[in-house]
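The block underneath contains the structure these notes are about, expressed in structure tokens.
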Amino acid sequence: MHASTDSISSGHGERVEQGLRAVRQVRIWRNARLASMDAALPGLGVIEKGAVMADAAGRIVFVGTEADLPAAGARAEVIDCAGRWITPGLIDCHTHLVFGGDRAHEFEMRLGGASYEEIARAGGGILSTVRATRAASADALFTSADRRLAALMAEGVTSIEIKSGYGLEIDTELRQLAVARRLGRERPVTVRTTFLGAHALPPEFAGQTDGYIDLVTSPALMRRLADENLADAVDVFCEGIGFSPEQSRRVFEAATAAGLPVKIHAEQLSNLHGAALAASFGALSADHLEHLDAAGAQALAKAGTVAVLLPGAFYFIRETRVPPVDLLRAAGVAMAVATDCNPGSSPLTSLLLALNMASTLFRMTPEEALLGVTRHAAKALGLQAEAGMLKAGLWCDLAIWEIERPAELCYRMGFNPLWRRVWRGA
Ligand code: DI6
Ligand code: FE
Numbered sequence: 000m001h002a003s004t005d006s007i008s009s010g011h012g013e014r015v016e017q018g019l020r021a022v023r024q025v026r027i028w029r030n031a032r033l034a035s036m037d038a039a040l041p042g043l044g045v046i047e048k049g050a051v052m053a054d055a056a057g058r059i060v061f062v063g064t065e066a067d068l069p070a071a072g073a074r075a076e077v078i079d080c081a082g083r084w085i086t087p088g089l090i091d092c093h094t095h096l097v098f099g100g101d102r103a104h105e106f107e108m109r110l111g112g113a114s115y116e117e118i119a120r121a122g123g124g125i126l127s128t129v130r131a132t133r134a135a136s137a138d139a140l141f142t143s144a145d146r147r148l149a150a151l152m153a154e155g156v157t158s159i160e161i162k163s164g165y166g167l168e169i170d171t172e173l174r175q176l177a178v179a180r181r182l183g184r185e186r187p188v189t190v191r192t193t194f195l196g197a198h199a200l201p202p203e204f205a206g207q208t209d210g211y212i213d214l215v216t217s218p219a220l221m222r223r224l225a226d227e228n229l230a231d232a233v234d235v236f237c238e239g240i241g242f243s244p245e246q247s248r249r250v251f252e253a254a255t256a257a258g259l260p261v262k263i264h265a266e267q268l269s270n271l272h273g274a275a276l277a278a279s280f281g282a283l284s285a286d287h288l289e290h291l292d293a294a295g296a297q298a299l300a301k302a303g304t305v306a307v308l309l310p311g312a313f314y315f316i317r318e319t320r321v322p323p324v325d326l327l328r329a330a331g332v333a334m335a336v337a338t339d340c341n342p343g344s345s346p347l348t349s350l351l352l353a354l355n356m357a358s359t360l361f362r363m364t365p366e367e368a369l370l371g372v373t374r375h376a377a378k379a380l381g382l383q384a385e386a387g388m389l390k391a392g393l394w395c396d397l398a399i400w401e402i403e404r405p406a407e408l409c410y411r412m413g414f415n416p417l418w419r420r421v422w423r424g425a
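In terms of numbering that gives the first Met the number 0, the sequence shown is residues 0 to 425.
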């Protein structure tokens with residue numbers, strides 16, 4: 000499906016949308032084993048000898064055993080899954096998918112002995128991607144992000160979050176968000192956008208961090224992000240090499256005033272108690288969290304804020320401190336897993352590999368990891384009423400797998416057992 004839309008050039012997103020809509024009809028996937036992820040069922044919500052039915056609008060109208068399948072009329076298309084497993088379409092709830100250039104050179108420097116923080120402080124790191132992103136046209140940004148998106152979709156991803164944060168000036172930040180929106184219009188995938196203006200301090204504002212925060216928290220900008228539907232949420236990198244908790248608070252106040260939900264990059268390299276701050280604003284998620292403490296985990300639990308764990312970044316920058324999965328588990332925090340796809344700390348375009356890393360490096364159980372790319376990832380995007388479970392009323396986004404048991408999705412490395420991917424019923 001992705002390949003068939005490739006030939007359609009920019010500006011024809013609506014035509015593609017109509018094309019997709021035209022092929023939708025009542026469909027039934029039968030003879031399947033379901034890992035429904037339904038919160039009303041234990042564990043993965045497994046249903047043996049199961050079936051899923053979608054209406055012509057691409058919504059699920061039935062999930063259950065085949066024996067209970069309602070009559071669908073003669074016009075339904077029936078797909079025999081031959082005993083394969085169906086999960087909800089996967090959700091990558093934390094990416095920086097849209098950016099210019101790459102950072103392979105820094106990778107070489109790191110292998111020569113430099114640390115991620117040293118490179119960042121020397122003007123490399125995020126700022127080198129900022130230079131490349133500012134210099135890139137919207138079309139160039141679209142083309143490079145589209146290839147990464149295709150890799151994720153090929154593994155069953157049906158929803159993705161995409162952040163700005165490599166412009167650090169209003170025009171380029173908005174260009175990144177517009178490119179992300181265009182991906183969502185032209186490709187069969189749900190895109191949620193996040194404004195991450197407070198990702199790093201741009202060179203023009205050296206020594207004036209508060210002045211930069213004034214810019215990215217301006218009420219006019221926040222209103223525009225909300226009113227023109229440019230961003231679905233607002234994020235901040237709260238860290239020694241990013242922004243302080245007080246500056247992060249200003250970002251949250253401005254976003255909240257404009258009615259935009261918030262997220263945070265927190266406790267990645269040190270513990271500034273950013274997660275608890277975000278929780279106090281009812282954040283959708285707090286992400287990274289390697290240095291989170293027990294009080295932080297409690298704060299997330301109380302607020303219902305999802306902990307998004309990013310093993311690709313942990314692996315790639317060779318962190319040694321793992322996020323406190325035991326504390327999160329004990330506190331009852333919903334945990335999600337995402338790629339953090341970005342050129343600096345996690346050049347990862349495989350959510351399946353992130354699942355493997357979440358289990359191998361962070362010791363998440365396969366059940367936790369799989370809920371982390373479905374139900375809990377949906378919650379991290381505020382999409383829990385639309386995606387992340389096989390349940391009547393939700394979008395019919397499916398990933399159908401050639402596997403014998405769900406744990407295989409976490410167990411393998413570099414193998415893609417996807418059989419079919421379904422987005423909104425088609
Ligand atoms: N934390 C990260 O791991 C990425 N951004 C962030 O806030 C790194 C982004 C980069 O190095 O380009
Ligand atoms: Fe990130």
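All C-beta atoms, glycine included, are put in the ideal place defined by N, C-alpha and C.
- Taking buried to mean at least 16 other C-beta atoms within 10 Å of its own C-beta, is Val104 buried or exposed? Stepping through the sequence shown from its first residue, residue 104 is reached at position 105. First, the amino acid is wrong: residue 104 is His here, not Val. So His104 counts as exposed.
- Query: Going by the CB atoms, is the gap between Ala278 and Ser302 shorter than 9 Å?
  - Reply: Within the sequence shown, numbered from 1, the residue matching residue 302 stands at position 303. Within the sequence shown, numbered from 1, the residue matching residue 278 stands at position 279. Sequence check: residue 302 is Ala here, not Ser. The Cβ atoms of Ala302 and Ala278 sit closer than 9 Å to each other.
- Message: So, for Ala134: in the same chain, excluding its five sequence neighbours on each side, which residues have a beta-carbon less than 7 Å away from its beta-carbon?
- Response: On the sequence shown, position 135 is the one that residue 134 refers to. These residues qualify, in order along the chain: Gly99.
- Query: Sorted by chain position, which residues of the same chain lie with C-beta nearer than 7 Å to Ala353's C-beta, five sequence neighbours on each side aside?
  - Reply: For the purposes of this step, residue 353 is taken as residue 354 along the sequence shown, with counting starting at 1. Correct list, in chain order: Pro310, Gly311, Val336, Ala337, Thr338 and Leu347.
- Item | Between the CA atoms of Pro41 and Arg174 - distance to the nearest angstrom | The residue you call residue 174 lines up with position 175 of the sequence shown. The residue you call residue 41 lines up with position 42 of the sequence shown. Rounded to whole angstroms, Arg174 to Pro41 spans 43 Å at the Cα level.
- Message: Applying the 10 Å Cβ sphere with the 16-neighbour rule, what's the burial state of Leu110?
- Response: Taking the first residue of the sequence shown as 1, we reach residue 110 at position 111. The residue in question, Leu110, is exposed, as its Cβ has fewer than 16 Cβ neighbours within 10 Å.
- Message: Please state the DSSP three-state secondary structure of Lys162.
- Response: Within the sequence shown, the letter at position 163 stands for residue 162. The answer is strand: DSSP assigns Lys162 an E or B state.
- Query: Can you tell me where the beta strand (DSSP E) with Ile78 in it begins and where it stops?
  - Reply: Working through the sequence shown from its first residue, we reach residue 78 at position 79. Ile78 -> beta strand (DSSP E) spans Glu76 to Asp79.
- Within 9 Å, strictly: CB atoms of Ala177 and Pro218: Your numbering for residue 177 matches position 178 in the sequence shown. Your numbering for residue 218 matches position 219 in the sequence shown. The answer is no: Cβ separation not under 9 Å.
- Message: If I measure Cβ to Cβ from Met388 and keep anything under 8 Å in the same chain, skipping five residues before and after, which residues do I get?
- Response: For the purposes of this step, residue 388 is identified with residue 389 of the sequence shown, where counting begins at 1. Result list for Met388: Ser35, Met36, Asp37, Ala38, Gly44, Pro87, Thr373, Arg374 and Ala377, in chain order.
- Task: Return the bridge partner residues of Pro342 from the DSSP annotation.
- Result: Your numbering for residue 342 matches position 343 in the sequence shown. Paired residues: none, contrary to the question.
- Query: Comparing alpha-carbon positions, which option in Leu380, Ile402, Arg423 and Trp28 lies nearest Trp394?
  - Reply: The residue given as residue 394 occupies position 395 in the sequence shown. Comparing Cα-Cα distances from Trp394 to each of Leu380, Ile402, Arg423 and Trp28, the minimum goes to Arg423.
- Buried/exposed call for Val77, threshold 16 Cβ in 10 Å: The sequence position of residue 77 within the sequence shown is 78, counting from 1. When all chains shown are included, Val77 counts as exposed.
- Item | Within 9 Å, strictly: CB atoms of Asn434 and Cys92 | Because the chain spans 0 through 425 in this model, residue 434 falls outside it and cannot be assessed.
- Extent of the continuous alpha helix (DSSP H) run through Glu47: In the sequence shown, residue 47 corresponds to position 48, counting from 1. Not the alpha helix (DSSP H): Glu47 falls in the beta strand (DSSP E), residues Val45 to Ala53.
- Item | Which residues DSSP lists as bridging Pro87, in chain order | Along the sequence shown, one-based indexing puts residue 87 at 88. Partner(s): Leu397.
- Task: With a threshold of 8 Å, establish whether the CB of Asn341 neighbours any heavy atom of the ligand DI6.
- Result: Indexing the sequence shown from 1 puts residue 341 at position 342. It does: the Cβ of Asn341 is within 8 Å (strictly closer) of some heavy atom of the ligand DI6.
- Would you kindly check if the distance between the Cβ of Val261 and the Cβ of His287 is under 9 Å? Here residue 287 corresponds to residue number 288 of the sequence shown, with the count starting at 1. Here residue 261 corresponds to residue number 262 of the sequence shown, with the count starting at 1. Cβ distance not < 9 Å, so His287 and Val261 don't count as in contact.
- Item | Leu195 in three-state terms, based on DSSP | Counting from one through the sequence shown, the residue named residue 195 turns up at place 196. Correct three-state label for Leu195: strand.
- Query: Considering only residues of the same chain and omitting the five flanking positions on each side of Asp292, which have a CB-CB separation below 7 Å?
  - Reply: The residue you call residue 292 lines up with position 293 of the sequence shown. Excluding positions up to five away in sequence, the list reads Asn270.
- Message: Quick check: the Cα distance between Arg83 and Ile46, rounded to an integer number of angstroms?
- Response: Within the sequence shown, the letter at position 84 stands for residue 83. Within the sequence shown, the letter at position 47 stands for residue 46. Cα to Cα, the separation comes out at about 12 Å.
- Terminal residues of the beta strand (DSSP E) in which Leu308 lies: As a position in the sequence shown, residue 308 is number 309, starting the count at 1. Val305 to Leu308 is the extent of the beta strand (DSSP E) around Leu308.
- When Glu366, Ser345 and Glu385 are compared against Phe106, the one with the closest alpha-carbon: Looking up residue 106 in the sequence shown gives position 107. Between Phe106 and the set Glu366, Ser345 and Glu385, the nearest pair of CA atoms involves Ser345.
- Task: Give the range of the beta strand (DSSP E) segment to which Gly63 is assigned.
- Result: Here residue 63 corresponds to residue number 64 of the sequence shown, with the count starting at 1. Per DSSP, Gly63 belongs to the beta strand (DSSP E) from Ile59 to Thr64.
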